[in-house]
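Okay, so the sequence shown: first residue is 5 according to this note's numbering, each after it adds one. Using N, Cα and C, we set each Cβ at its ideal position, and we do this for glycine too.
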Amino acid sequence: MATQKCIVKSRPEVGGLSFEDREIPKPGIGEILIRNRATAICGTDSHIYNWDAWSQRRVQLPRIIGHEFAGDVVEVGPGVRHIKVGDFVTGEGHITCGFCRNCRMGQGHVCESWKGIGYDIDGCFREYLCHPEANTVINDKNLDPRVAAIQDPLGNAIHVVFAADCVANRVAVFGLGPVGMLAVAVLKAISAAEIFAVGRKNPYRLDMARRLGAHHVIASNDVDVVQYIKDHTDGKGVDVVLEISGNPKAVQDGLKSLRMGGDLVLIGTSNESSTIDLAGDVVFRSTRIHGVTGRKLWDTWYKMKGLLASGNLDVEPIITHTLPFAEYEKGFALMNSGNCGKVVLTF
Ligand SMILES: [Zn+2]
Ligand SMILES: [Zn+2]
């Protein structure tokens with residue numbers, strides 16, 4: 005039996021990871037076997053690493069974690085019809101049923117019984133994994149494997165940006181973690197008129213937002229964000245707010261930073277509730293509030309392919325650290341420090 009090293013969350017504690025030998029799987033019906041070239045650490049993996057309230061509710065141990073990856077197909081299982089050995093692929097980490105009403109109506113991102121690899125079922129922090137052909141996309145052969153491996157969060161960013169009309173409009177991004185950074189890069193690529201990047205006072209990330217092309221970079225601890233945005237939009241507010249931080253205060257500030265008739269798009273999550281002034285900030289201002297989750301199947305993935313092919317979208321600056329797979333503990337420490345963009349592990 006051939007084995008491989010896997011990153012396993014084995015103990016219900018902070019850290020609690022082990023580097024374990026597991027069998028290299030055989031592809032079942034409709035599955036492909038992928039040999040990973042790169043895999044990236046997500047905020048979700050950090051939640052599991054830190055064993056927060058969400059992880060304790062959601063993740064059964066032991067679990068091979070990780071859900072962001074790109075690699076080459078080395079074997080196909082029975083019934084695989086479209087993907088071939090040698091294809092360079094990335095998997096959509098939300099495994100959808102393909103059968104529920106939402107899936108059949110083209111809304112697979114809200115499939116009624118989706119499962120996430122790396123938390124509901126075993127994930128991709130290993131060299132070889134099996135994945136359903138139906139949940140896999142074929143990448144351009146020339147795409148950098150590290151970029152190919154971050155299409156999950158890039159897809160989140162594209163989903164949130166395209167949920168409102170951002171082209172040639174003023175847009176504020178609240179939350180400058182990796183998805184917020186990617187959203188700034190996407191807004192730049194599609195020509196948002198003016199980008200306001202709002203984040204906690206972390207010089208590393210504020211500086212990166214500036215380099216990615218944000219016109220205004222605002223440290224929310226130091227500045228009255230709503231006042232700043234009003235002062236720089238003729239007192240009117242921005243057309244669109246993308247709320248990526250999950251911070252309840254940011255949701256409130258986001259609403260108050262919008263012009264009349266603006267759009268608030270939410271992708272950030274929190275364990276806390278947020279109280280908003282529905283009459284004053286939503287009803288009488290005709291505000292639209294829209295939640296988005298995951299990536300649209302497969303609209304987001306095709307937009308991502310197009311944006312990457314256009315040459316206008318450069319996400320490489322957001323990949324700040326590339327480490328050998330076995331040095332994953334360094335990667336998690338970097339993620340917890342906040343002094344990084346995307347951290348990619350390579351094989
Ligand atoms: Zn992710
Ligand atoms: Zn479904």
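- Annotated as proximal: G266 and D243, with beta-carbon spacing under 8 Å.
- For D156, the Cβ falls inside the 7 Å cut-off from some heavy atom of ligand 1.
- When DSSP states are grouped into helix, strand and coil, N54 belongs to the helix group.
- Assignment of L317 by DSSP, reduced to helix, strand and coil, places it in the coil class.
- In this structure, L21 keeps its C-beta atom at 8 Å or more from the C-beta atom of K9.
- The beta carbons of T100 and N139 sit about 7 Å from each other, so the pair counts as a contact at 8 Å.
- For the pair of segments examined, the stretch 201-219 was found not to touch the stretch 150-165: the number of CB pairs separated by less than 8 Å stays below three.
- Counting C-beta atoms within 10 angstroms of its own C-beta, F103 has fewer than 16 neighbours from the protein chains shown and is therefore classed as exposed.
- Those residues placing their Cβ nearer than 7 Å to any heavy atom of ligand 2 are, following chain order, T100, C101, G102, F103, C104, N106, C107, G112, C115, E116, S117, W118.
- Here the distance from the Cβ of C46 to the nearest heavy atom of ligand 1 is below 7 Å.
- Boundaries cannot be given for Y123, as no alpha helix (DSSP H) includes it and DSSP labels it neither H nor E.
- Counting along the chain, the unbroken beta strand (DSSP E) around E247 starts and ends at 242-247.
- Each residue's CA atom was taken as its position, placing T291 and E116 some 28 Å apart.
- Boundaries of the alpha helix (DSSP H) around V255: 252-260.
- By a beta-carbon distance limit of 8 Å, P29 does not contact C107. Their separation comes to about 25 Å.
- Leaving aside the five residues that flank I52 on each side, the residues in its chain whose CB is nearer than 7 Å to its CB run, in chain order, K13, S59, V63, I69, Y123.
- Shown here, L301 sits in coil according to DSSP, grouped into three states, outside any helix or strand.
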